[in-house]
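Structure first, commentary second.
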Amino acid sequence: MEADILLWIQKYIRNSGLSPVMEAVTHLGDFGLFWILMMIVLVLYQKTRKAGIAVGIALLGSFVFNNLLLKNLVARTRPYEVIDGLHLLVGKAVDLSFPSGHSASSFAAAAVIAKLLPKRYGIAAFILAGMIALSRLYVGIHYPTDVLFGMVSGGLIGLLAAKFYGNGTGHA
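Here the sequence shown is numbered in numbering that gives the first Met the number 0, starting from 0 and rising by one per residue.
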């Protein structure tokens with residue numbers, strides 16, 4: 000079923016106008032760099048420092064749990080390696096597939112931002128996180144369950160970081 004979803008996306012959603020956009024969006028999540036830069040910006044200002052530190056804690060927690068622990072425990076092969084006819088739009092990944100680290104780190108950071116900063120920033124963060132997660136399916140580098148689990152685990156890790164470091168105050 001997951002193969003069918005990815006092949007459906009490739010056949011009916013992919014197009015020459017959208018592909019460069021989705022490739023750019025997927026690269027925003029590379030190594031969590033966008034979210035690390037966001038963390039640095041937040042830490043620079045006293046008013047948002049606590050949220051920035053909580054984003055850093057969430058990113059670190061997500062990396063350890065998802066990328067170091069689960070990827071090695073599950074050891075799932077990337078979909079483009081096993082699904083006939085699936086064409087990868089970006090370079091091959093060097094690590095395993097489950098869970099999606101891009102989705103996990105994006106939702107970890109977005110959850111902290113949504114919990115500790117004004118609502119408009121949380122909405123923007125979740126829109127970007129969702130776009131990054133969907134882009135992972137679009138480019139053919141993850142299965143849907145990789146992305147879904149990354150979204151959930153990252154979001155939960157982000158909420159924990161906000162609660163225990165940021166005290167869940169609603170504003171930094």
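Using N, Cα and C, we set each Cβ at its ideal position, and we do this for glycine too.
Since the structure is predicted, the reported quantities are computational estimates derived from the model, not experimental observations.
Backbone secondary structure at residue i - three-state DSSP
i: residue 83; result: coil
i: residue 94; result: coil
i: residue 117; result: coil
i: residue 89; result: coil
i: residue 74; result: coil
i: residue 170; result: Confidence at residue 170 is low in this model, with a pLDDT of 48, below 50, so its placement is unreliable and no value can be given for it.
i: residue 61; result: helix
Proximity below 9 Å, CB of residue i to CB of residue j
i: residue 5; j: residue 139; result: yes
i: residue 150; j: residue 123; result: no
i: residue 114; j: residue 157; result: yes
i: residue 50; j: residue 107; result: no
i: residue 20; j: residue 41; result: no
i: residue 102; j: residue 128; result: yes
Cβ-based burial, residue i [other Cβ within 10 Å; buried from 16]
i: residue 23; result: exposed
i: residue 84; result: exposed
i: residue 145; result: buried
i: residue 112; result: buried
i: residue 77; result: buried
Report the residue ranges of all alpha helix (DSSP H) runs contained in full by the region 6 to 38; include only those spanning at least 4 residues, in chain order. Runs of the alpha helix (DSSP H) lying entirely within the region 6 to 38, each at least 4 residues long, are 18 to 27 in chain order.
Fully enclosed by the region 115 to 154, which alpha helix (DSSP H) runs are 4 residues long or longer? Fully enclosed alpha helix (DSSP H) runs of 4 or longer: 118 to 137.
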